[in-house]
Amino acid sequence: MSSTESPGGALLPPELLREIKVATAAARRTELAAKRAKARLKQAKKAHKQARKTAKRARKALKALLATRDELSPDPADAKGRRPRKLVPRARRTAPPEVSVPPPDLPPVAPLTSPGAAAPPSGEPVG
127 MSSTESPGGA
137 LLPPELLREI
147 KVATAAARRT
157 ELAAKRAKAR
167 LKQAKKAHKQ
177 ARKTAKRARK
187 ALKALLATRD
197 ELSPDPADAK
207 GRRPRKLVPR
217 ARRTAPPEVS
227 VPPPDLPPVA
237 PLTSPGAAAP
247 PSGEPVG
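In this text, residue positions in the sequence shown follow this note's numbering: the first is 127, and each later residue adds one.
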């Protein structure tokens with residue numbers, strides 16, 4: 127079968143054969159693009175589902191955290207219009223305040239002199 131014959135044996139003009147080849151190649155490219163798009167969509171759906179699960183878990187954790195905070199904080203009705211106290215860990219609340227200790231008394235230090243400088247005023251030799 128030559129390049130100008132169709133599968134049925136009838137002769138086709140070369141322009142028409144060229145158009146068929148171009149259309150076939152375009153269809154193949156379109157199919158591959160559709161396949162890639164379908165795979166991307168599937169991956170996006172999977173990621174979206176995972177994100178929804180994570181968000182649900184985060185909301186649940188936040189709700190639990192807020193519930194425990196409400197248990198620990200004082201009753202807002204007792205605050206008499208003031209903002210609720212900032213939560214501080216128990217260890218820091220009950221620890222006594224740190225007392226600063228003054229540095230020990232040290233004898234005064236004589237000023238440093240360079241080797242070529244004059245002798246100290248006391249008259250003692252340097253070195």
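Idealized CB from N, CA, C, for every residue including glycine.
Neighbourhood of K195 by C-beta, 8 Å cutoff - its chain only, sequence neighbours within 5 removed = For the purposes of this step, residue 195 is identified with residue 69 of the sequence shown, where counting begins at 1. It should be pointed out that residue 195 corresponds to Arg in this sequence rather than to Lys. So the qualifying residues of the chain are L213.
query = Which of helix, strand or coil does DSSP assign to L137?
reply = As a working mapping, residue 137 is identified with position 11 in the sequence shown. Three-state result, L137: strand.
Local conformation of D231 per DSSP, three classes = Position 105 of the sequence shown holds residue 231. It is coil, neither helix nor strand.
ask   = Does DSSP put E255 in a helix, a strand or coil?
value = Limits of the chain in this structure are 127 at one end and 253 at the other, which puts residue 255 out of reach.
ask   = Helix, strand or coil: which one does DSSP assign to L142?
value = One-based indexing of the sequence shown puts residue 142 at position 16. L142 falls in the helix class under three-state DSSP.
ask   = Which value, in whole angstroms, describes the spacing of the CA atoms of M127 and K175?
value = Taking the sequence shown and counting its residues from 1, one reaches residue 127 at position 1. Taking the sequence shown and counting its residues from 1, one reaches residue 175 at position 49. Residue placement at M127 is flagged as unreliable, the pLDDT there being 49, under the threshold of 50; the coordinate-derived value follows with that caveat. The straight-line gap from Cα to Cα measures roughly 55 Å.
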